[in-house]
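Undergrad: Numbers 1446 to 1687, taken from my numbering, label the letters of the sequence shown in order.
Each residue gets a CB set at the ideal place from its N, CA and C atoms; glycine is no exception.
Please read these numbers as outputs of a predicted model, since none were measured by experiment.
Quick one: the structure is below, questions incoming.
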Amino acid sequence: RCDCLGFIKYFDAHYTTFIGEVETIENCVCLHEEDYGILWKHQDWRTGLAEVRRSRRLTVSFFCTVANYEYDSIGTFIRQVAMVIVAQLLSYGIVGKIEAEVKFTGILSIGALSPGESRKYGTIVASGLYAPVHQHFFVARMDMAVDCKPGEVLNQVVELNVKVEDLGDHNLHDNAFYTEETLLRSELEAMRDCNPLSARHWIVSNTLNFLSVDNCLRSQFDYFLPSKAKIADNEQVRNFIM
């Protein structure tokens, strides 16, 4: 059971045991809303009037005890404001964002040391005890079906990387950069690494369906998969921003 505060909706979980029986964990999954800061704010410099809207996010989470650790699996559904271009005019729209997070707590997994012994592969936490250095990997497979049925070959994955324009006629002041798109046609091609130096991210889209915005702008309906990097770590880009 979670330890969240506020108005909580709980759900029971049912799973099979090692001998094939069904076991029920009551109040295993929690669902609740959280305040998520400012969604939108603007002050009109002409009138001095300001308006603000709060953001809310829907959170689904559960805890799982594995040996000495407690893993907290959290899924959040967030509403955000995005800027879009409609008929060459800057406009705002509401977009959705889904985040997945796994964090853990619990106690250390420790090993014993002989008197006077030390280990470079761990941290001594008490006399005769050390905690081994190790890593935790969380892997998720996403079988995307954007506006289609599972198995239909209508989705495509496009990788985007920030590129700096070579100095020349199109980049007289050495401050121009752009995003380069690469279509990943197979799982073999899509075996990629995160690259914070180019702000690498991916877009999954349906190749047939389009989203109409005010009957002016027609664009593909996409799922955006970001990395932690926000902008390319490039000296030219940094100099341009500063």
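According to DSSP, is S1393 part of a helix, a strand, or is it coil?
TA: Since the displayed the chain opens at 1446 and closes at 1687, residue 1393 lies outside it and no answer follows.
Undergrad: Pick from L1653, C1509, E1515: whose alpha carbon is nearest that of A1458?
TA: Here the closest residue by C-alpha is C1509.
Undergrad: CA-CA distance, V1497 and I1569?
TA: 50 Å
Undergrad: Going by other Cβ atoms of all chains shown within 10 Å of its Cβ, with 16 needed for buried, is V1511 buried or exposed?
TA: exposed
Undergrad: Below 8 Å CB to CB, which residues in the same chain sit around H1581 once its five sequence neighbours on both sides are set aside?
TA: F1549
Undergrad: Please classify Q1533 as buried or exposed, where buried requires at least 16 other C-beta atoms within 10 Å of its C-beta.
TA: Here Q1533 scores only 41 on pLDDT, less than 50, and its place in the model should not be relied on; the value that follows carries that caveat. Label assigned to Q1533: exposed.
Undergrad: Once you ignore the five residues that flank V1602 on each side, which residues in its own chain have a CB closer than 7 Å to its CB?
TA: Leaving aside the five residues that flank V1602 on each side, the residues in its chain whose CB is nearer than 7 Å to its CB run, in chain order, L1629, A1635, W1647, V1649.
Undergrad: On a CA-only basis, which of L1494, M1587, I1453 is nearest E1479? Give me that one, please.
TA: Nearest C-alpha to E1479: I1453.
Undergrad: Which residues does DSSP list as the beta-bridge partners of C1449?
TA: Answer by DSSP bridge pairing: none, since C1449 is not bridged.
Undergrad: In the DSSP assignment, what are the bridge partners of R1637?
TA: DSSP, once it has assigned bridges, lists no residue as partnering R1637.
Undergrad: Quick one: what does DSSP say L1617 is sitting in, helix, strand or coil?
TA: coil
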